[in-house]
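Below is one structure, written out as structure tokens, with a few remarks after it.
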Amino acid sequence: MKTSTHETYADYFDHRQEDFSQQLLCDASQVRDKIDEIHRVGNIDLFENAHKLVMYALGENTSLSSFAEKEGVAWAQHELTLSFKLEWVQSIRRTMWRFLHDYHEENKNQYGNFFELEKQVNDTIDQFLNGFFLSYSRYKDALLAAQRELVENLSAPIIPLSDRVCVLPLIGEVDEDRVETIETKTLPEIKRLQIETLIIDFSGIAQMDTQSMNRMMKTINGTQMMGCECIITGLRPQIVSNLINNDLQFDPNIITKGTLEQTVNDFFFSKQ
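full-length UniProt numbering puts the sequence shown at residues 1 to 272.
Following this line, the structure appears as structure tokens:
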């Protein structure tokens with residue numbers, strides 16, 4: 001398509017932008033009632049962005065990728081429904097071709113190269129969709145990774161009490177997956193922080209199943225293998241009964257105490 005033809009098409013759509021928006025509304029039935037909500041939630045002007053996409057499809061699209069990426073991030077950030085976006089873009093495509101048909105009906109002597117036009121318009125819109133969905137997915141993947149890391153850190157929050165003494169408070173449900181997370185996070189931290197004494201407080205856990213407890217005991221023994229003294233506090237009667245009934249025992253070098261407060265007081269007073 002020649003540059004002059006590009007400008008002719010662009011002028012045609014520019015002058016009929018309002019009509020285009022109205023026909024777009026009629027075609028995108030599912031999105032129609034969500035336009036104001038999408039603008040309010042994400043500050044996204046669907047009509048303005050539709051016009052931009054049309055202009056990209058009719059002219060140079062060197063910044064198309066950045067436009068698609070920005071759109072993808074915006075929809076991901078505000079958790080807007082992807083099906084609305086897909087219907088909107090496909091409605092833009094259909095409405096655009098109706099207008100191009102009208103253009104050629106009005107300008108029978110200026111057909112230009114229709115096949116080149118078809119390839120450019122559809123390829124541009126497809127490139128936008130690909131860029132949009134890739135950007136959306138990358139943002140969501142990064143968000144999930146950050147949330148996963150946060151959850152893992154909260155699952156095994158090692159709190160320094162001094163340069164060489166830390167406490168690991170366990171709160172909530174502890175299943176095998178969480179024990180694995182605790183092991184994965186704790187052992188490297190012992191080395192990184194050069195922890196000499198780790199106090200593991202069980203007072204926030206009412207119950208643990210046998211498999212999780214067995215795995216947890218191995219993790220605790222692993223701290224000893226790394227040269228870190230381990231002190232267990234806050235074991236509740238239910239957990240102790242579970243240990244007894246299943247013939248599970250801590251390593252003889254593991255120290256157990258009643259409460260975290262008692263342990264901290266005893267430890268620091270004894271060091272004075």
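Cβ atoms here follow ideal geometry from the backbone N, Cα and C, with glycine treated the same way.
Comparing alpha-carbon positions, the option among F84, K140, M213 lying closest to E180 turns out to be M213.
A residue is called buried when at least 16 other Cβ atoms come within 10 angstroms of its Cβ; G204 does not meet this threshold and is exposed. Rounded to the nearest whole angstrom, the CA to CA distance from G172 to K70 is 39 Å. T197 is bridged by DSSP to V165, E229. C-alpha of Q147 to C-alpha of D141: approximately 10 Å in a straight line. Contact check for E79 against A28 fails: the beta carbons are separated by 7 Å or more.
In the structure shown, the three-state DSSP call for K257 is strand. The DSSP-derived three-state label of G172 is coil. The C-alpha of I92 is placed about 16 Å away from the C-alpha of L117. Three or more pairs of CB atoms, one per stretch, sit closer than 8 Å, so the segment 37-55 contacts the segment 7-19.
Classified as exposed, G227 has fewer than 16 neighbouring CB atoms from the shown chains inside 10 Å of its CB. Counting only unbroken stretches of 4 or more residues, the alpha helix (DSSP H) elements lying wholly within the segment 56-100 are 64-77, in sequence order.
For the 7 Å CB-CB criterion, I125 and A57 form a contact. DSSP places P160 in the strand class (E or B) of the three-state scheme. Out of T186, H104, T95, the CA that lies nearest to the CA of C230 is found in T186. Contact between I199 and T263 is confirmed by a C-beta separation of about 6 Å, below the 8 Å threshold. Rounded to whole angstroms, the gap between the alpha carbons of S162 and I220 is 20 Å. DSSP lists no bridge partner for G42.
Annotation for N246: no alpha helix (DSSP H) segment contains it, and DSSP assigns it neither H nor E. A Cβ-Cβ contact shorter than 7 Å links T95 with Q23. DSSP, reduced to helix, strand and coil, places G204 within a strand of the structure shown. Excluding its 5 nearest sequence neighbours in each direction, A76 has C-beta neighbours in its own chain below 6 Å: Y136, Y139, K140, listed in chain order. Under the three-state reduction of DSSP output, L235 falls in the coil class, being neither helix nor strand. In this structure, D209 is the residue among C26, E261, A74, D209 with its C-alpha nearest to the C-alpha of I244. Secondary structure note for R16: it is in no alpha helix (DSSP H), with a DSSP letter that is neither H nor E.
Judged by DSSP in its simplified three-state form, D141 adopts helix. For P252, the secondary structure class from DSSP, reduced to helix, strand or coil, is coil. Nearest C-alpha to D19 among E176, N246, F47: F47.
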